[in-house]
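Visitor: Residue numbers (this note's numbering), protein chains in the order written: chain A, 17 to 373; chain B, 59 to 427. Glycine included, every Cβ here is placed at the ideal spot set by N, Cα and C.
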Amino acid sequence: MTAPIAGGVDCDVHPAVPHLTSLLPYLNDYWRDQVTTRGMTDLVSQSYPTCSPIASRPDWRPAQGKPGSNLDDMRAQALDRFHVGHAICNPLYGVQMVFSEDMADAFCRALNDWLTTEWLDREPRLRGSIVVSLQSVEKAVAEIERCAQDPRFVQVLLLVMGDLPLGKRAYWPIYAAAERLGLAVGIHAGSAYHSPPTSVGWGSYHIEDYVAQAQAFQTQLTSLIVEGVFARHPTLKMVMLESGFTWLPPFLWRLHKFWRGLRMETPWVDRAPLEIVRSNIRFSLQPIDAPPDPVTLNRLFDHMQSDELLLFSTDYPHWQFEGDAVLPDGLSDDLVRKIMIDNPHATYPRLRQTVQA
Amino acid sequence: MNIQVRERPEPASTVAAKTAIADCDIHPARATPTELYPWLASRWHAHLETIGAPAYHGMMIGPPYPKAQPNASRRDAYPPEGGPQGSSLSFMQQQHLDPNNVALGVLNPLGTGQGLRNHELATALCSAINDWQIAKWTSQESRLKASIVVANEDGPTAAAEIRKRAGDRNFVQVLLLSRNVEPLGQRRYWPIYEAAEEAGLPVGIHAFGYGGNPVTASGWPSYYIEEMVGHSQCQQGGLASLVLEGVFERFPKLNMIMIEAGFGWAPSLAWRLDKVWQRLKSEVPHVKRPPSEYISERVWWTTQPMEDPERRDHLFELIDWIGWDRLLFATDYPHWDYDDPSRVLPAGVSDTNRDAFYLNNALKLYGLA
Chain A
17 MTAPIAGGVD CDVHPAVPHL TSLLPYLNDY WRDQVTTRGM TDLVSQSYPT CSPIASRPDW
77 RPAQGKPGSN LDDMRAQALD RFHVGHAICN PLYGVQMVFS EDMADAFCRA LNDWLTTEWL
137 DREPRLRGSI VVSLQSVEKA VAEIERCAQD PRFVQVLLLV MGDLPLGKRA YWPIYAAAER
197 LGLAVGIHAG SAYHSPPTSV GWGSYHIEDY VAQAQAFQTQ LTSLIVEGVF ARHPTLKMVM
257 LESGFTWLPP FLWRLHKFWR GLRMETPWVD RAPLEIVRSN IRFSLQPIDA PPDPVTLNRL
317 FDHMQSDELL LFSTDYPHWQ FEGDAVLPDG LSDDLVRKIM IDNPHATYPR LRQTVQA
Chain B
59 MNIQVRERPE PASTVAAKTA IADCDIHPAR ATPTELYPWL ASRWHAHLET IGAPAYHGMM
119 IGPPYPKAQP NASRRDAYPP EGGPQGSSLS FMQQQHLDPN NVALGVLNPL GTGQGLRNHE
179 LATALCSAIN DWQIAKWTSQ ESRLKASIVV ANEDGPTAAA EIRKRAGDRN FVQVLLLSRN
239 VEPLGQRRYW PIYEAAEEAG LPVGIHAFGY GGNPVTASGW PSYYIEEMVG HSQCQQGGLA
299 SLVLEGVFER FPKLNMIMIE AGFGWAPSLA WRLDKVWQRL KSEVPHVKRP PSEYISERVW
359 WTTQPMEDPE RRDHLFELID WIGWDRLLFA TDYPHWDYDD PSRVLPAGVS DTNRDAFYLN
419 NALKLYGLA
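Structure, rendered in structure tokens:
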């Protein structure tokens, strides 16, 4: 086991909304009435059924309530345990599944205010992601601008499976706002379930949906690159969260080969896909889809041809590793420092901002 | 790729020098729209001329994402006698089979009855395509072998077509496409696997096809390049479905070939499947072993478009993880992203591995060794 170093940045932790009623104090009268009158109870996504084994490590599962819903547990099991300096909260609450743009916007605003009050205000090591729904780009931009006034928000959070590929021009105002405000754009595993969760249709099983997350990240990366997002926003950082990363080298070999053959179709892509990934795209460490064998893993790191791509993450409370083995065997001290400290700070400039107590 | 940066060698001068290869992905085309009529009932002639052959997408002429060039094929592959690329046996022999010393060429017809909304028409067209492969190709050229093309969305009639052709040595595999109405592990497709296993034929799953699902799990993208790159994600979804639905467990003698969707993704997908299966296997008790075991024992990959990393040691490591015995060389002739057999494999491969890659794996899998 490779030991973590103190002061690292955990780039993917998941505080859970206990229940839709937890958001009631953050909704206006109209939406509070809608929720209660219409009998809405909770927004749990099929991507993360509460009792699924991957939703929580067995020893992190609370006696009652949702995994990740208790700040003291998060402190003891993740923040203190891995001696982190910061942890970035990525709430996975099914607000993106809602079809009405007004309702989705109301829930996103409530979720972001809930995160501020119940987590960020209570634990100085925590930082936040601004959850937005893509039903209305205009409302998403307004919410980004509203939340960004608080320097503890360090990124915008999207799901990897939504209504349209994320490179589509309709979404660019979101990327412009993020770049302007010094926010990264995090793309997390999960689906709005507005399309089948695989590109070949609806499967039968939860396990299929989880495996398919990796393929969804691949198609989004293609979309973001070939639509020209990074030609327009060269300093924008995007972070693939809970994406896996061992698929990246062969994916890029294929994309690069077709880009060479087909670049007449997207002439604005003025750098090779591999270069774009090196400068603009980052990946959270967990899960590591590789055999537990340092030789193979180090070959995979070599295939990635950069030590700047990975950002430390526990994916707390999801079950990705056992015990304290959050870092795989065989990492050099230098790589540990890059993954845990240098790379996250280079990705999230807002981490350096002083926060007024 | 068809952009010619170097002079191609004159075919005649190189024949003797080249070792024999298997080309496990050749696309034969019809010279005219009516070429299948001798094997189609007259009802369907009228249907094709009025309604056409509507697929699970809206275009009546051409594909939804325009290809990079006509018929997605090499501009130098038009036969001198006319007709689209890949429609002339004599020109295929002259341009490809002879100069590249192709000892075995596996035909994968596209634009057939697969992916059509009218399943009865699909069945008629697939059967006609199978007769046409024998009449126009394999009976005229012993190096070529055919694929049993089946109406993919209609399991029982597809199985009947396989049983009709079983034992006919013109055919070496059953052909499916990667994109269908549902993921390929679903029960509606099981009759196809049952009949293929019974006939002792592998099932080749070629990239492409239409089933109504967007080519990403997040809606329809903008560009042809996204569809082309996306075929590898579709193939991953299909293979995951086959494993997780228990197809390899239920049909223990069935082998599968992933055609034209890359192979670089195979190790990462298998590692991910194994890791997630450890967590979630209670949901799929019919998957009795780690997914990677089914994949490494029962799945083969064709090579084109060849993975092309900057460093050859990365390619060799990748193939080591997959196994040199699992790859089947393919050119994709006459398509534009054709791989030239003299250029795809870097120096530094042992003779045994090279021969396996280019020829022996295919002969063994197809029972022609």
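By the three-class DSSP mapping on this structure, what secondary structure does W323(B) have?
Guide: Coil, per DSSP.
Visitor: Which of the three DSSP states, helix, strand or coil, is assigned to F261(A)?
Guide: Coil.
Visitor: Could you compute how far the alpha carbon of S299(B) sits from the alpha carbon of G217(A)?
Guide: Cα-Cα distance, rounded: 10 angstroms.
Visitor: Just the C-alpha distance for A126(B) and D134(B), rounded to the nearest angstrom, thanks.
Guide: Approximately 14 angstroms, taken between the alpha carbons.
Visitor: L386(B): which of H393(B), F374(B), R412(B) sits nearest, CA to CA?
Guide: It is R412(B) whose Cα lies nearest to the Cα of L386(B).
Visitor: Quick one: complete alpha helix (DSSP H) runs, 4+ long, within the segment 221–267 of chain A?
Guide: Correct list: 222–243, 245–248.
Visitor: Taking only beta-carbon atoms, is L271(A) less than 9 angstroms away from chain B?
Guide: For L271(A), the answer is yes, since a Cβ of chain B falls inside 9 angstroms of its Cβ.
Visitor: Pick from I380(B), P157(B), G173(B), H372(B): whose alpha carbon is nearest that of G116(B)?
Guide: G116(B) has its Cα closest to that of G173(B), out of I380(B), P157(B), G173(B), H372(B).
Visitor: Could you compute how far the alpha carbon of K354(A) sits from the alpha carbon of F317(A)?
Guide: Roughly 13 angstroms separates the two Cα atoms.
Visitor: Taking Cβ-Cβ distances below 9 angstroms as the criterion, which residues of the segment 361–378 of chain B are in contact with chain A?
Guide: Against chain A - using a Cβ distance shorter than 9 angstroms - the residues of the segment 361–378 of chain B are P363, M364, E365, D366, P367, E368, R369, D371, H372, L373, E375, L376.
Visitor: Using a Cβ-Cβ cut-off of 9 angstroms, state whether Q171(A) counts as contacting chain B.
Guide: It does not: the Cβ of Q171(A) has no partner Cβ on chain B nearer than 9 angstroms.
Visitor: How is K76(B) classed by DSSP in three states: helix, strand or coil?
Guide: If DSSP states are grouped into helix, strand and coil, K76(B) belongs with coil.
Visitor: Taking 9 angstroms as the threshold (C-beta atoms), are N419(B) and W323(B) in contact?
Guide: Not a contact, by the Cβ cut-off of 9 angstroms.
Visitor: Can you tell me where the beta strand (DSSP E) with F169(A) in it begins and where it stops?
Guide: It spans 169–177 - the beta strand (DSSP E) in which F169(A) sits, taken as one unbroken run.
Visitor: My output table needs one value for S295(A): the three-state DSSP class, helix, strand or coil.
Guide: Helix.
Visitor: Look at I297(A) and L271(A) and say whether their C-beta atoms are less than 9 angstroms apart.
Guide: Result no, Cβ atoms of I297(A) and L271(A) do not sit closer than 9 angstroms.
Visitor: How far does the alpha helix (DSSP H) with M118(B) in it extend, from its first residue to its last?
Guide: Per DSSP, M118(B) belongs to no alpha helix (DSSP H) and is neither H nor E.
Visitor: For Y282(B) and G267(B), what's the separation of their Cα atoms in angstroms?
Guide: Cα to Cα, the separation comes out at about 14 angstroms.
Visitor: Starting from R315(A), trace the alpha helix (DSSP H) in both directions and tell me its first and last residue.
Guide: Element bounds for R315(A): 310–320.
Visitor: Any chance you could list the alpha helix (DSSP H) runs of at least 4 consecutive residues sitting entirely within the segment 111–184 of chain B, in chain order?
Guide: Segments of the alpha helix (DSSP H) lying fully in the segment 111–184 of chain B: 147–150.
Visitor: Residues in its own chain within less than 8 angstroms of G288(B) by CB, not counting five upstream and five downstream?
Guide: Counting only Cβ-Cβ distances below 8 angstroms, and skipping sequence neighbours, we find V273, T274, P279.
Visitor: Going by C-alpha to C-alpha distance, which of T181(B), C82(B), D383(B) sits closest to L102(B)?
Guide: Here residue 102(B) turns out to be Trp, not Leu, going by the sequence shown. Ranking T181(B), C82(B), D383(B) by Cα distance to W102(B) puts T181(B) first.
Visitor: For G84(A), I'd like the list of residues in its chain whose CB is within less than 6 angstroms of its CB, leaving aside the five on either flank, ordered along the chain.
Guide: Hits under 6 angstroms: H30, P31, A32, P333.
Visitor: Can you name the residues of chain B whose CB is closer than 9 angstroms to the CB of T282(A)?
Guide: Within chain B, the residues near T282(A) are S280, Y281, I283.
Visitor: Measuring only the C-alpha atoms, how far is W135(A) from S38(A)?
Guide: Cα-Cα distance, rounded: 13 angstroms.
Visitor: Go to H334(A), then tell me how far its beta strand (DSSP E) extends in each direction, as first and last residue.
Guide: Run containing H334(A): none; DSSP gives neither H nor E here.
Visitor: By DSSP's criteria, H264(B) is part of a beta bridge. Which residues make up the other side?
Guide: Answer is L235(B), I317(B).
Visitor: Just checking: is the beta-carbon of M59(B) within a distance shorter than 9 angstroms of some beta-carbon in chain A?
Guide: Residue placement at M59(B) cannot be trusted, given a pLDDT of 48 that sits under 50; what the coordinates show is reported in the next sentence. M59(B) counts as touching chain A.
Visitor: How many whole angstroms separate the CB atoms of G213(B) and I250(B), which I take to be in contact at a CB cut-off of 8 angstroms?
Guide: Correct: roughly 6 angstroms between the Cβ atoms.
Visitor: What's the C-alpha gap between S259(A) and A205(A)?
Guide: Near 6 angstroms, if we compare the C-alpha coordinates of A205(A) and S259(A).
Visitor: Please confirm if A298(B) has its CB atom under 9 angstroms from at least one CB of chain A.
Guide: For A298(B), the answer is yes, since a Cβ of chain A falls inside 9 angstroms of its Cβ.
Visitor: Note down, in chain order, every chain B residue with its Cβ under 9 angstroms from the Cβ of G178(A).
Guide: Near G178(A) (Cβ distances below 9 angstroms), the residues of chain B are S276, G277.
Visitor: Can you pull the chain B residues whose beta carbon is under 9 angstroms from the beta carbon of I223(A), in chain order?
Guide: Those are A298, L302, L331, V334, W335, R337, L338, K339, E341, V342, V345, listed as they occur along chain B.
Visitor: If you draw a straight line from the C-alpha of P167(B) to the C-alpha of P260(B), how long is it?
Guide: Spanning the two alpha carbons is a distance of roughly 16 angstroms.
Visitor: According to DSSP, simplified to helix, strand and coil, what is C67(A)?
Guide: Looking at C67(A) - three-state DSSP - the assignment turns out to be coil, as it is neither helix nor strand.
Visitor: Can you list, in chain order, the residues of the segment 119–153 of chain B whose Cβ is nearer than 8 angstroms to any Cβ on chain A?
Guide: Residues passing the 8 angstroms Cβ filter: A126.
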